[in-house]
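Report on the structure given below.
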Amino acid sequence: MNPIKTDDTINKIHGYKILDSRGNWTLAVEVNNYIGITPSGASTGTYEAKTIDTEKSVNLVNTKLQKLVGMPLNQKIIDNELETIDGTDNFSNLGGNTTTAISMAVYNAIASKTQVGNIFPYPLGNVFGGGAHGGYTEFQEFLAIPTKSKTIINAIETNEILYHTLKTKLLKIQKGNIGINDEGALTAKLNNIQALDIITDIADDVGCRIGLDIAASEFFDGKTYNYKTSGKKLKPEEQIEFVIELIKKYNLYYVEDPLNELDFEGFKEITKKVGKQCLISGDDLFVTNTKRLEMGLKSANAIIIKPNQRGSITRTIETINLAKKNNYTPVISHRSAETTDTTIARLALDYSIPIIKAGVVDMRIVKLNSLIQYWNNSEKPKMTKPNLKL
Ligand code: 2PG
Ligand code: MG
0 MNPIKTDDTI NKIHGYKILD SRGNWTLAVE VNNYIGITPS GASTGTYEAK
50 TIDTEKSVNL VNTKLQKLVG MPLNQKIIDN ELETIDGTDN FSNLGGNTTT
100 AISMAVYNAI ASKTQVGNIF PYPLGNVFGG GAHGGYTEFQ EFLAIPTKSK
150 TIINAIETNE ILYHTLKTKL LKIQKGNIGI NDEGALTAKL NNIQALDIIT
200 DIADDVGCRI GLDIAASEFF DGKTYNYKTS GKKLKPEEQI EFVIELIKKY
250 NLYYVEDPLN ELDFEGFKEI TKKVGKQCLI SGDDLFVTNT KRLEMGLKSA
300 NAIIIKPNQR GSITRTIETI NLAKKNNYTP VISHRSAETT DTTIARLALD
350 YSIPIIKAGV VDMRIVKLNS LIQYWNNSEK PKMTKPNLKL
């Protein structure tokens, strides 16, 4: 049963600042002693819910939003009330960061009284990176998906093996000159192709397929995609050809944001040509928003789901449902600045979301460990069957 409502009322709502993985303050909210903490992004989409200053968020929760006390512990009622109080489309007044933390805390309070789902997602792990998260490659994330795994434990372990094998190999090739970025992904002075060559080699051996988050808006200047490591400048039609070539050559399972966040038509062309063999996923393109997804129902076949892009769990669930109805694969995802919050792991199980993008090391493990804990407590846990054959 999906956690939507209870017979309880909200008897306490309390906000305070707490640290995120970049060491910045973010908002924590407790609703009846269940917590929600807002993450944040570095490569944010233009159409995401608006974020306001954390101090201001804390203040709003502890003053104006105390009016939620006494209301039913019901996801829709609380999320609708937040929309009414805010009065805008993108939470510009209350801040999407404020509403996300409240909405997630409400979700966790309700979920604590609800049976959790038993269909487990495949972890899509960021093992190597660059772009806005730090590193040399323009491509933001090189992602592993353990396509042969039959349990969440083995799936998580397989991604870890890939990460550690890659680390050992890079340390050797780069003579110790490697780093890690905001998501704990490895970095090294390699270009996109060199990185892909090394990673796909290891992936075959350990039983993974590879994905990319190109995060192309970050290096598009309105006319060309600028590859600073090689000096290459690609026009949109050349970028499309390049991405298609990579999908074919490296047998990529997943490609996120191959083009900038406005190019619905370009996405459509890529999906038409290679959508049967690869998930083409919109993150900045759709920003977890049903209106944006409706604009691009033929543009992709997968969608990133990030509750804080939308600012509301109710709206996030609407996006998940619209995606599924249109045969899209939803991919629930962490942000580059993460916290100890595990709501996305629980959402993945409650809504049978087939893939979770949650990193492989450091702060990222809280989501993975939460899945492991659910797996160990589940009577008949099963791995999902994604749309695209693994
Ligand atoms: C992304 C995310 C998470 P950010 O682009 O998919 O990996 O990054 O949170 O910086 O937007
Ligand atoms: Mg992305």
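For the sequence shown, the positions run 0 to 389 when numbering that gives the first Met the number 0 is used.
Every residue gets a Cβ at the ideal spot worked out from N, C-alpha and C, and that includes glycine.
On a predicted model such as this, the values are computed, not experimentally measured, just so you know.
Per DSSP, the bridge partner or partners of residue i
i: alanine 336; result: Ser39
i: arginine 21; result: Answer is none; arginine 21 lacks a bridge partner.
i: asparagine 73; result: Lys4
i: leucine 26; result: Lys16
i: methionine 382; result: Phe119
i: tyrosine 33; result: Val30
i: threonine 328; result: Ala301
i: lysine 356; result: Leu123 and Ser332
i: lysine 208; result: Sequence inspection shows arginine at residue 208; the lysine mentioned does not correspond to that position. Note: arginine 208 sits in a beta bridge opposite Ile144.
Local Cβ density within 10 Å of residue i, reported as buried at 16 or more and exposed below that
i: threonine 45; result: exposed
i: glycine 14; result: buried
i: threonine 99; result: buried
i: lysine 388; result: exposed
i: glutamate 337; result: buried
i: glutamine 114; result: exposed
i: aspartate 52; result: exposed
i: glycine 358; result: buried
i: isoleucine 172; result: exposed
i: aspartate 88; result: exposed
i: glycine 295; result: buried
i: serine 20; result: buried
i: lysine 234; result: exposed
i: aspartate 181; result: buried
i: glycine 274; result: buried
i: glutamate 29; result: buried
i: lysine 305; result: buried
i: glutamate 137; result: buried
i: glutamine 74; result: buried
i: aspartate 282; result: buried
i: asparagine 176; result: exposed
i: glutamate 47; result: buried
i: aspartate 203; result: exposed
i: aspartate 220; result: exposed
i: glycine 230; result: exposed
i: threonine 407; result: There is no way to answer for residue 407, as the model of the chain reaches only from 0 to 389.
i: glutamine 308; result: buried
i: glutamate 54; result: exposed
i: aspartate 196; result: exposed
i: asparagine 326; result: exposed
i: glutamate 260; result: buried
i: glycine 22; result: exposed
i: lysine 324; result: exposed
i: lysine 356; result: buried
i: threonine 313; result: buried
i: glycine 129; result: buried
i: threonine 62; result: exposed
*contact_flag[the stretch 202-221, the stretch 252-259] where n(CB pairs < 8 Å) is 3 or more*: yes
*Considering only residues of the stretch 212-300, which uninterrupted alpha helix (DSSP H) runs meet the minimum length of 4 residues and lie entirely inside it, listed in chain order?*
235-249, 263-273 and 289-294
*At what residue ranges does the stretch 121-190 contain a whole run of the alpha helix (DSSP H), taking only runs of 4 or more?*
151-172
*Are three or more beta carbon pairs between the stretch 318-325 and the stretch 364-372 nearer than 8 Å?*
no
_Touching by the beta-carbon criterion (3+ pairs, under 8 Å), the stretch 142-150 and the stretch 104-124_ = yes
*Decide if the stretch 217-237 is in contact with the stretch 153-168; the criterion is three or more beta carbon pairs, one per stretch, under 8 Å apart.*
no
*asked:* Three or more C-beta pairs under 8 Å: does that hold for the stretch 30-42 against the stretch 100-113?
replied: yes
*Does the count of Cβ pairs from the stretch 342-357 and the stretch 370-385 closer than 8 Å reach three?*
yes
*So, do the stretch 6-13 and the stretch 69-82 have three or more beta carbon pairs nearer to each other than 8 Å?*
yes
*Looking at C-beta atoms only, is the number of pairs between the stretch 201-212 and the stretch 241-251 that lie closer than 8 Å three or more?*
yes
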